[in-house]
Structure formats: C-alpha cells, structure tokens
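Note sheet for the following structure.
There are 2 protein chains.
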Amino acid sequence: MQNVVSKRTNPKASGAISLAASKPGSTRKQPASPSGNRVGQAARQRILAAAERVFAEGGYGSASTARIADAAGLPKANLHYYFGTKGALYEAVLSDILETWRSAADTITADADPTEALTAYVDAKIELSRRRPLASKIFANELLHGAKVVRPYLQRELRGWVSDKARIFDRWAAQDRMKKIDAEHLFFGIWAMTQTYADFDVQVRAVLGTRVLKDPDFDAAKRIITAMVLGACGLAPAEGQAAGKKADGKKAKRRKRA
Amino acid sequence: MQNVVSKRTNPKASGAISLAASKPGSTRKQPASPSGNRVGQAARQRILAAAERVFAEGGYGSASTARIADAAGLPKANLHYYFGTKGALYEAVLSDILETWRSAADTITADADPTEALTAYVDAKIELSRRRPLASKIFANELLHGAKVVRPYLQRELRGWVSDKARIFDRWAAQDRMKKIDAEHLFFGIWAMTQTYADFDVQVRAVLGTRVLKDPDFDAAKRIITAMVLGACGLAPAEGQAAGKKADGKKAKRRKRA
DNA sequence: AAGTTATTTGACCGATCGGTCAACTTCTTT
DNA sequence: AAAGAAGTTGACCGATCGGTCAAATAACTT
Numbered sequence: 001m002q003n004v005v006s007k008r009t010n011p012k013a014s015g016a017i018s019l020a021a022s023k024p025g026s027t028r029k030q031p032a033s034p035s036g037n038r039v040g041q042a043a044r045q046r047i048l049a050a051a052e053r054v055f056a057e058g059g060y061g062s063a064s065t066a067r068i069a070d071a072a073g074l075p076k077a078n079l080h081y082y083f084g085t086k087g088a089l090y091e092a093v094l095s096d097i098l099e100t101w102r103s104a105a106d107t108i109t110a111d112a113d114p115t116e117a118l119t120a121y122v123d124a125k126i127e128l129s130r131r132r133p134l135a136s137k138i139f140a141n142e143l144l145h146g147a148k149v150v151r152p153y154l155q156r157e158l159r160g161w162v163s164d165k166a167r168i169f170d171r172w173a174a175q176d177r178m179k180k181i182d183a184e185h186l187f188f189g190i191w192a193m194t195q196t197y198a199d200f201d202v203q204v205r206a207v208l209g210t211r212v213l214k215d216p217d218f219d220a221a222k223r224i225i226t227a228m229v230l231g232a233c234g235l236a237p238a239e240g241q242a243a244g245k246k247a248d249g250k251k252a253k254r255r256k257r258a
Numbered sequence: 001m002q003n004v005v006s007k008r009t010n011p012k013a014s015g016a017i018s019l020a021a022s023k024p025g026s027t028r029k030q031p032a033s034p035s036g037n038r039v040g041q042a043a044r045q046r047i048l049a050a051a052e053r054v055f056a057e058g059g060y061g062s063a064s065t066a067r068i069a070d071a072a073g074l075p076k077a078n079l080h081y082y083f084g085t086k087g088a089l090y091e092a093v094l095s096d097i098l099e100t101w102r103s104a105a106d107t108i109t110a111d112a113d114p115t116e117a118l119t120a121y122v123d124a125k126i127e128l129s130r131r132r133p134l135a136s137k138i139f140a141n142e143l144l145h146g147a148k149v150v151r152p153y154l155q156r157e158l159r160g161w162v163s164d165k166a167r168i169f170d171r172w173a174a175q176d177r178m179k180k181i182d183a184e185h186l187f188f189g190i191w192a193m194t195q196t197y198a199d200f201d202v203q204v205r206a207v208l209g210t211r212v213l214k215d216p217d218f219d220a221a222k223r224i225i226t227a228m229v230l231g232a233c234g235l236a237p238a239e240g241q242a243a244g245k246k247a248d249g250k251k252a253k254r255r256k257r258a
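Heads up: the sequence lines are chains F and S, in that order.
Everything in the first sequence is counted per full-length UniProt numbering, starting at 1 for the first residue and increasing by one.
Everything in the second sequence is counted per full-length UniProt numbering, starting at 1 for the first residue and increasing by one.
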C-alpha cells in the first residue's frame, strides 16, 4: 500500500499525522491564508463529496486523483490546487467523517435509563449506517488496512470515550440497574453489528435476496440488535420500541433482576 | 477501482466470474495441462501466501504484482507465469479463503441442542478470526467494495446456507426449544461481531490499549457474543462454557465495585 | 544422450499514476 | 479602473503500474 501520509511534497513529520483539516503550509500556491473562502469553498465541497464516493468504491489505493476530479466535474489540477496531495485529500475526507461521528447523539449518560439509553444508541448507530453508508465504508476500509491515518483518533478520543461509558455501566451495575458486563466488548459488538449494514451491505442484500435495503430491513436489524444488547445486559426491551412493529405483550415490566 | 475481472488478455465473459481455481486457458504459456504439478506447485503456494499478505495489507488496488512477487521472493514475471493476471491471482486467493470457510465446522444441525450449537458456532467463528485474520480481512475488503468477484458465492451458496439454518431455527422455535427469531439478521450479527476481531483489530487493540490480542481477549469476546446470541434466542448459557476461564478472573482495569 | 516440456529471469512496453507548472481568467479590494 | 489575489486549466514529468517476450536454464521422458 502506498504511504497515505505525505509523499514527495509534503514535509510532514514521519509519525502519525494530526488529522485536523489539513494544514495549509504544504508547498507553494494554495489559499494559505485562513480567510481563503470565497468561490473555492464550493469547489472544495464538490471535491470532498466526489472523493468520498471514489474512496468508498475501491479504497484508497484504487482511487485515482483523476477519477475523483472527473467525478467532481473539474480538471485534476484543480483538485491538487485545493488539497495538495491525494493523501491530504484522504485525510480531509476522514476528518469530515470523524466530525459527523463526533457530533452524533450521545445517548449514554450517567443519569439516563439504561434500557432507553442503549436502545437509542443502537438506533442512532443504525441510522448512521443507513444515512451515510459511504462514510462508514471509508472508515471501515481505513481500519481494515491498519488505520495509518486514524490511529491517533482511536487511541486518544475513542478509547477515552469507551472507558467513560464503561464507568457509567459500572455504576449502573452497582446500582443493580443492569448486569455487570464488559463494556469494551459490548461496544465492539454494537459497532460491528450496526455498521455491517453499511459496510457489508452486498452480503446482507445477497442473503436477504433484496436489491436494496429498505425500512423493514433496518427495523428488523434494530430489533434484533437491541434484543441482543439488552439481553447481554440483563435488561428487558422497552415497550415504546423505535423499531417496534410487533406489540409483544409479554414482559411489560422492565428490568427484573435476581 | 480497476476491474478485477480480467483486463486485457483474459477473454472471459463480462459477467460475474465463476471463482473456481482459475481456468487455465488464458492466453499462451502456462502449464495448461491439468497434470502440471511438479516443481512449480511449491512456487504457486509461495505466491498465494505472499499475495494473501499483500492483498490484506492494503486491498486489491494498493497491491502491486511487483510487491507480491517481492514478498514471495521471486521475479514478477514468475508470478505472471503462474497466475496470468493480477485479477486471476486475486481470485485464486479468494477461492482459497472460501475453501477454508466452507470446510469449517458446521455445528448448527437439526438434531443438535440449540444452546450448544450456537455456542459452538460462535466459538468456531472467533477461532477463524483468530487463526486466519488475513483471510477475514481480504474477504471483508472484497465485500466492502462491492463483492465483484465473490457475489456469485453470496447469492448461491451463502444464501442457501442461511435459509437452511433459518428452517432449523424455525423448527426449534416450533418445538419451544428457543424463541422465534430472525435468522438472517442473527447471522449478520454473529458474523459482524466475530469477524470484527480480525478485520478491525486495530480498533479493538486501540480501545483495549493492548499491543496484540491474546487469549483472554478472545475469551472475553466469546463470552459476551455468546451471551448476546443466546439472549436473543431466549436461551440460558451452558455451564460448560467454551470460553469459560473463570467468571471474572482478570480485568486489566481495576475499578471499585460495591 | 537427445529431445521435450516446465520453469526462471531481465529487459522491455504502453498506460496510468500522483504531482507540477506556467499561462490564463475571474474575483475582490481599493 | 487598476492591481493583486484567488481560481482554472492543458500540457507535461518521472515513477510505477500490469503485463509481455525471448532467451536461458532446469526437470523430466525416452
């Protein structure tokens, strides 16, 4: 695999890069000044959108700047004018994705109800997979091939986020509001199950025999994933299920623990 | 993304290819005769092993025949002598992987015990992720980018396999041996959760703060995944757990518990 | 030993890759 | 309206890509 992190022209440090909106001081031209947003801001967005499509389609290595430029409807030189290198463009796309991830609703808070919080979290993750499948695929591809760009995010932000949640789960368990579980692995499972509907949608569609995934498919996914997650936590499903198509009467009471 | 399916020289049909050990009648040279296995069979294996590594590292697009040949320790022309094109080599690697997948233990049979069968299945899937992570990654990458090569397998074999299992689950549910569940989505969940430890191991390691995944990590994974699966099926875990290494022996982090 | 087949290899080819550049047009500021 | 900054573009560059080829060698068969 080619080195994503700066090649010829970008004199960045050799270590992991910061992944923060591509610092402008690369080589020569470019707006440089932080003010630089007039006409070109639209072009940047066009390029980013095209790059997301092309990177998602075949991964970093298969994508070519020419194809991205073509998809964006402008000459290749234009793309390099705005983003410098292919690697920098890739980082910008990833940065965009992480921003979306970060701003997603965080339903798991200490004062929330465990069942509701987990149900809402699964729901939100499925919705992300449904609404931004390309983003999920690019992120999956990045992880799959070693997370050369995104590793700092994993080690700093994500790890801390998970351990925060683990502490909340511990407290809930101490209050006897749920079973004691291994939070890290629970999240691995939730992420894997929810994102599989974006990342590996071909497989899902092939097995279901459907050309496209529709609402009932995602509802079924929510239902079973929620059941698995709540089950592992010793919680009964809430009655007002988001995906609730079937009004299963039994187990109306929540949380029965020995 | 380059077209994996035959480019210049291979006059294959334009549709999905058969994915069955690369038919020999490509262009010119090559052993051609089915007998052709003397010295070169060793070379083929070396190339396949190297290709698995390189394809797993950065995906199809990032891999180059030169790098694969280099990893195999022989000149590039040699690789092309045995496999013709990069695409054919990729198909051979995938074919190898599917063979492993196919021959994996199939624990879910009509006369088995539901709890034991599901526990053993999760166990087997985790073991596959642990023992052949590169294979899992290559397959994940293939799915991620549209399954251009492997789609026939998904639509024929895999779909049939799942619907067979669904029928078994239905029967078990009818016999009141488990809850009625959506078998397809249950398998999506199991596959996703088990393979995430191979495919996205960087993420797992980053969150756990461990350099490599070891036995206790996989045991914890088995435990929680099994709990989720059995929970969704309304089954209690078997006492003789495969992953059972003590109820809560380790826990790298020590937290206060009431 | 001779002849045939299988294997190895370095040199080579056209296409495409990421990236550069200078000339040009369009904006924005004054 | 003048001038500088920002944006646009086709042509171009060296490196690498997948793949080919002919000539040399090794391995079998008789």
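Don't be surprised by glycine CBs; every beta carbon is placed ideally from N, CA and C.
Assignment of Leu235/S by DSSP, reduced to helix, strand and coil, places it in the coil class. Residues of the segment 185-198 of chain S with a C-beta atom less than 8 Å from some C-beta of chain F are His185, Leu186, Phe187, Phe188, Gly189, Trp191, Ala192, Met193, Gln195, Thr196 and Tyr197, listed in chain order. Distance from the Cα of Glu239/F is smallest, within the candidate group Asn141/F, Ala232/F and Ala227/F, for Ala227/F. Where Ser136/F is concerned, the enclosing alpha helix (DSSP H) starts and stops at Pro133 to Leu144. Here Ala147/S is buried. Its C-beta has 16 or more other C-beta atoms within 10 Å.
No Cβ-Cβ contact shorter than 8 Å links Ile108/S with Ala221/S. Between Ala112/S and Glu52/S, the beta carbon gap of about 33 Å keeps them out of contact (Cβ cut-off 8 Å). Cβ atoms of Ile47/S and Tyr82/S come within 8 Å of each other, at about 6 Å. Taking 8 Å as the cut-off, the Cβ atoms of Thr119/F and Phe188/S do not count as close. Taking C-beta separations shorter than 7 Å and ignoring five residues to either side along the sequence, the partners of Asp199/S in its chain run Ser136, Lys137 and Ala140, following chain order.
The C-alpha of Asp201/S lies about 28 Å from the C-alpha of Pro114/F.
Within the segment 82-95 of chain S, no residue places its CB atom closer than 7 Å to a CB of chain F.
In this model, Ile168/F and Ser103/F are separated by some 20 Å (Cα to Cα). The residues Pro114 and Met178, in chain order, have a CB closer than 8 Å to that of Trp172/S in the same chain once the five nearest residues on each side in sequence are set aside. Residue-level contact by beta carbon holds for Ser62/S and chain F, with a gap shorter than 8 Å. Within the same chain, Thr65 come within 6 Å of Lys86/S by CB-CB distance, once the 5 residues on both sides are set aside. Boundaries of the alpha helix (DSSP H) harbouring Leu94/S: Lys86 to Ser103, taken from the DSSP string.
Interface flag for His145/F against chain S is set, since a Cβ pair is found closer than 8 Å.
Note on Gly234/F: 16 or more other CB atoms within 10 angstroms of its CB, so buried under the neighbour-count rule. Across the structure, Val229/S and Gly84/F are spaced so that their CA atoms are roughly 48 Å apart. With respect to Leu154/S, Ala56/F sits apart: the two C-beta atoms are not nearer than 8 Å. Separation of Ala174/F and Ser163/F (C-alpha to C-alpha, rounded to the nearest whole angstrom) is 16 Å.
Spatial neighbours of Ala69/F in its own chain (CB-CB distance under 7 Å, excluding positions within 5 residues in sequence) are listed in chain order as Pro75, Lys76, Asn78 and Leu79. Not a single C-beta of chain S is nearer than 8 Å to the C-beta of Asn78/F. Close CB contacts of Ala117/S within its chain, under the 6 Å cut and outside five residues either way in sequence, are with Thr107 and Ile108 (chain order).
At a cut-off of 8 Å between beta carbons, Leu208/F contacts chain S.
Rounded to whole angstroms, the gap between the alpha carbons of Arg132/S and Ala49/S is 12 Å. In the DSSP assignment, Met193/F falls within the unbroken alpha helix (DSSP H) covering Ala183 to Asp199. Counting along the chain, Leu154/S sits inside no alpha helix (DSSP H), nor does DSSP assign it H or E at all.
For Gly61/F, the enclosing alpha helix (DSSP H) covers residues Gly40 to Ser62. Put simply, the backbone Cα of Ile181/S is about 36 Å away from that of Gly209/S. Ala166/F places its beta carbon 8 Å or farther from that of Ala192/F.
Residue-level contact by beta carbon holds for Val202/S and chain F, with a gap shorter than 8 Å. When C-alpha distances from Ala43/F are compared across Gly73/F, Gly59/F and Tyr60/F, the shortest belongs to Gly73/F. At a Cβ-Cβ threshold of 8 Å, Ala110/F and Ala124/F do not count as neighbours.
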